[in-house]
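See structure below.
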Amino acid sequence: MKLNKAIIILALMTIAIPSNAQNNQTETKAQNMNNALTPRRQGLAVIASLEAKGDQAGLEAALADALDNGLTVSEAKEALSQLYAYTGFPRSLNALGTLQKVLARREAAGITDNPGKDADPLPAGYDALKQGTTVQTQLTGKPFDYSFVPATDYYLKAHLFGDIFARNNLNFADREIVTVSAISALPGCEPQLIAHVSGARNMGVSDAELRALPALLEEKVGAAEAERLRGALKAVLGDAHTPVQTVDFSVWPKGQPNTAYAQYFTGNSYLAPMDGGVANVTFEPGCRNNWHIHHRQVQVLICVAGRGWYQEWGKPAVQLVPGTVVEIPEGVKHWHGAAADSWMQHLTYHKDVQEGASNEWLEPVSDEQYYQE
Ligand code: MN
195 MKLNKAIIIL ALMTIAIPSN AQNNQTETKA QNMNNALTPR RQGLAVIASL
245 EAKGDQAGLE AALADALDNG LTVSEAKEAL SQLYAYTGFP RSLNALGTLQ
295 KVLARREAAG ITDNPGKDAD PLPAGYDALK QGTTVQTQLT GKPFDYSFVP
345 ATDYYLKAHL FGDIFARNNL NFADREIVTV SAISALPGCE PQLIAHVSGA
395 RNMGVSDAEL RALPALLEEK VGAAEAERLR GALKAVLGDA HTPVQTVDFS
445 VWPKGQPNTA YAQYFTGNSY LAPMDGGVAN VTFEPGCRNN WHIHHRQVQV
495 LICVAGRGWY QEWGKPAVQL VPGTVVEIPE GVKHWHGAAA DSWMQHLTYH
545 KDVQEGASNE WLEPVSDEQY YQE
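Read left to right, the sequence shown gives residues 195 to 567 (our numbering).
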C-alpha cells in the first residue's frame, strides 16, 4: 500500500515538473527580450494610460503607432470602451472620438487598417452575473463581495466582469494590461492599482511583462504614471523602489539632456531653452550642479516644479519649491539641484550682466555635503 502511494506521488511529481519547466522557459525567454511586451501589448498599454490621463494629442499619436504595430481596430475600440468602467464615459468617449478621427485620417492617407475580429455573440441563456462572479474570483484570487453597496457589487460582477469581460475580442490578460496602464494615470487610486497588478498576474500577464510597463509609460505617457506603477510593483512583487516625487512635463517641458554642462553636474539634468535668455532646467532626483560662482552677473532661479535645494558656501541649504525665487549675488560660491527624493525644475536667467561676465565651475557637491540638507 505504502509503495503504491509513493508511486502515485512520484507520478504526480513527474507530471508537475515538465509544466513548471515550461513556465520557467517562457519566463526566461520573455525576460531576455528587450521588452517582454509584444508591440501590440505595448500599444494597448500606452493608449489605455493616455485615455485615462485625458491626453488626446498624445493618444492620437499613440493610436497611430499602435495600429502600425499590429493592434486591430476592433481591439482598439474594445480597450477604450472597456475603460469607461474605470475612467468614466467622458474619458472613454473622448478617446473613442480620437480613434474615429485617427482612422478617418489614415483612410484618407490610403492606409488600410486591419478591422480585426468582432466579439462573438454570447451563447443563448448566458448568465452574466454567474460568469462575472467566476471571472472576478479568478482575477482577485478569492471570492469578492461588496456587501456595503449591493448594487455596486452587482455592477462589478454582472456588468464589468460579466458583460464586458465576456467579449472575446480581447483576452483577460490584454484587459488587465489595459486596466493597470489606465489606473497608473489615475492619482489617488493606488489601492486599485495594486489590486489590478495582482489581478493581471492571475489573468496570465507575466512578471516580466509587468516589469516592462513602467519604462514604457515613462517614455510614452509620463513620469507620474510610471512612478505610480513602480510603487504598485514594489507592493506586489517586492521590487526595490524608492518613491520619488515626479513633475508634470506637460506644464514645463523636460527638454533635452544637458550634455554641454554634464561635466559640471552630479546626476542627469535636462535643458529647455526659452525666449528672452531664460532657460528651464530639469534635475532628476539627487542631481545637483557643482559648486560654482557667477562672476560679474547675478543669477536668478525661479523654482517651478518639484522640490530641491540652493546652498551658498558656509550657509545652510535653502529649500526650493514652486514659487521660490532666489537671487544669487555675483561672486558667491553656491550650488543648486533637486532633492534626493524629488525631481525639480527651475527657470534661470542672468541679470546685471557686466562686461567679462563668466561662470567659474568648482568641485562637485559631495554626498556628505548634499545629504547634510
Ligand atoms: Mn548658479
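A virtual CB, placed ideally from N, CA and C, is assigned to each residue, including glycine. Only a predicted model underlies this, so the values are computations on that prediction, with no experimental measurement involved.
| query | result |
| --- | --- |
| Own chain, CB closer than 6 Å to T222, minus 5 neighbours either side, in chain order | Confidence at T222 is low in this model, with a pLDDT of 39, below 50, so its placement is unreliable and the value that follows should be read with caution. Counting only Cβ-Cβ distances below 6 Å, and skipping sequence neighbours, we find nothing. |
| Closest Cα partner of N288 within the set Q250, L231 and L411 | Q250 |
| Under 7 Å, CB to nearest heavy atom of the ligand MN: contacting residues | N483, H486, H488, Q493, I522, H528 and H530 |
| Own chain residues within Cβ distance below 8 Å of A473, not counting five before or after | L465, A466, P467, L541, T542 and Y543 |
| Residue(s) in a DSSP beta bridge with V494 | E521 and Y543 |
| 4-residue-minimum alpha helix (DSSP H) runs that sit fully inside the stretch 286-360, ordered along the chain | 322-334 and 344-348 |
| Run of the beta strand (DSSP E) containing F477, from where it starts to where it stops | A473 to F477 |
| DSSP-derived helix/strand/coil call for L244 | helix |
| Residue closest to N229, alpha-carbon to alpha-carbon, out of T292, E272 and D401 | D401 |
| For Y504, the first and last residue of its enclosing alpha helix (DSSP H) | Looking at the DSSP string, Y504 is not in any alpha helix (DSSP H); the run it does join, the beta strand (DSSP E), is G502 to E506. |
| Paired residues, beta bridge with Q450 - DSSP | L465 |
| Counted within 10 angstroms of its Cβ, other Cβ atoms place F283 as buried (16 or more) or exposed | exposed |
| Minimum C-alpha distance to N476 - residue among D347, S536 and G335 | Note that residue 476 is Thr in the sequence shown here, rather than Asn. Looking at the Cα atoms, S536 is the closest of the given residues. |
| Short Cβ contact (8 Å threshold) for A511 with Q505 | yes |
| Under 8 Å between C-beta atoms of A426 and E384 | yes |
| Endpoints, beta strand (DSSP E) assigned at V512 | V512 to L514 |
| Collapsed DSSP secondary structure at E421 in the structure displayed | helix |
| DSSP-derived helix/strand/coil call for N484 | coil |
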